[in-house]
Amino acid sequence: MPWRETADPYCIVVSEIMLQQTQVERVQGKYPQFIARFPDFQTLADAPLAEVLVLWQGLGYNRRAVALKRIAETVTTGHGGLLPDSVETLRKLPGIGHATASAIAAFAFNIPTVFIETNIRRVFIHHFFHDRADVHDDEILPLVEKTLDRKNPREWYYALMDYGTALKKSVPNPNRRSRHYTRQAKFEGSSRQKRGAILRFVLMHADCTERAIAARLFLPPEQVRPLLSRMVAEGLLSVIKKRYSVV
0 MPWRETADPY CIVVSEIMLQ QTQVERVQGK YPQFIARFPD FQTLADAPLA EVLVLWQGLG
60 YNRRAVALKR IAETVTTGHG GLLPDSVETL RKLPGIGHAT ASAIAAFAFN IPTVFIETNI
120 RRVFIHHFFH DRADVHDDEI LPLVEKTLDR KNPREWYYAL MDYGTALKKS VPNPNRRSRH
180 YTRQAKFEGS SRQKRGAILR FVLMHADCTE RAIAARLFLP PEQVRPLLSR MVAEGLLSVI
240 KKRYSVV
């Protein structure tokens, strides 16, 4: 995984945002392309959103691309181009919660933070809660803190996550016994699929009317309208005089 070959804060941020809700295999293909085109915070901040979204295609959850660009803008304008190493400051950046902020601090700055992601959760449930169901992350976090290698948290977490990946192949998935476990909703016919189709259409044609978008999706306008409103609110689309585009 190429992001493990660097501790560059920008590269770590890009990889962590990409890895939110997206399989490693898909990120491995897209990450090098993204870094090649947008090699640092300044380049990404200056890039048109449409160009960022075009390159993001294939990763899904496109609002993460908007958040990543806003992170770059905040870092360049508010932090002198240098990513903060404080978890609390990182949490204030767009699209970053506690787990992502802690992971960035660990992988970019080798700071001994405590966090849980799916592979880490799998390891601790398997070894410490083998006869339990409905395990809450609040029960796991103290164990993560106790076992953390504080001298080299970066390598410790990478090893822990690799072990969690291996466990998935050798035992029934322990994460199914987590209180936080949910099956991903069916993609076919979902709002996610429709939103992705809308974005691709607008990126290709620009300055589209609601009627044209609805016709492309073979849906009545009243079903497309709330999707467009949500995408505008999230910063994916802009609308001027009832025409939609990406700016």
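Sequential numbering from 0 applies to the sequence shown in numbering that gives the first Met the number 0. The C-beta atom is built at its ideal place from N, Cα and C for all residues, glycine as well.
In summary, Arg153 is buried, with 16 or more beta-carbon neighbours lying within 10 Å of its beta-carbon over all protein chains present. Put simply, of Leu235, Ile115, Ile11 and Gly59 the residue whose alpha carbon is nearest the alpha carbon of Thr21 is Gly59. Shown here for Phe108: same chain residues with a beta carbon closer than 7 Å to its own, the five before and five after excluded, namely Asp84 in chain order. In the DSSP assignment, Ser177 is bridged to Val134. Within the segment 56–130, the complete alpha helix (DSSP H) segments at least 4 residues long are 62–77, 86–89, 97–108 and 117–127, listed from N- to C-terminus. In its chain, beyond the 5 residues on either side, Ile70 and Thr73 have a beta carbon closer than 7 Å to the beta carbon of Leu92.
Leaving aside the five residues that flank Gln41 on each side, the residues in its chain whose CB is nearer than 7 Å to its CB run, in chain order, Thr75 and Gly80. As the crow flies, the alpha-carbon of Asn151 is around 10 Å from that of Tyr157.
Contact between Ala102 and Ile110 fails: their C-beta atoms lie close to 10 Å from each other, not under 8 Å. Under the Cβ criterion (8 Å, minimum of three pairs), the segment 22–32 does not count as touching the segment 171–179. A straight line joining the alpha-carbon of Lys167 with that of Val143 spans about 19 Å. Taking 8 Å as the cut-off, the Cβ atoms of Trp155 and Asp161 do not count as close.
Annotation: the continuous alpha helix (DSSP H) that includes Val201 extends over Ser190 to His204. For the set Leu226, Gly234, Ala232 and Arg242, the Cα lying nearest the Cα of His204 is the one of Arg242. Thr208 is bridged by DSSP to Arg242. Membership of Val13 in the alpha helix (DSSP H) is indicated by the continuous run Pro8 to Leu18. Between the alpha carbons of Glu187 and Val223 lies a distance of about 16 Å.
Of all alpha-carbon atoms in Phe128, Asp133, Ile95 and Ile139, the one lying nearest the alpha-carbon of Ile115 is that of Ile139. In terms of Cα proximity to Val122, the closest of Ser177, Arg191, Pro1 and Ile212 is Ser177. By the criterion of a C-beta distance shorter than 7 Å, Arg90 is surrounded in its chain by Gly96, His97 and Ala100, once the five residues flanking it on both sides are discounted. In the same chain as Ile212, and ignoring 5 residues on each side of it, the C-beta atoms closer than 8 Å to its own belong to Ile197, Phe200, Val201, Val223, Leu227 and Tyr243, in chain order. Setting aside the 5 residues that flank it on each side, Cys10 is surrounded in the same chain by Trp2 and Ile34, each with a C-beta closer than 7 Å to its C-beta; the list follows chain order. In this structure Leu48 does not touch Asn61 by the C-beta definition: roughly 10 Å separates them, more than the 8 Å allowed.
In the DSSP assignment, Thr42 falls within the alpha helix (DSSP H) that extends over Phe40 to Asp45. Spanning the alpha carbons of Gly57 and Ser189 requires a straight line of approximately 16 Å.
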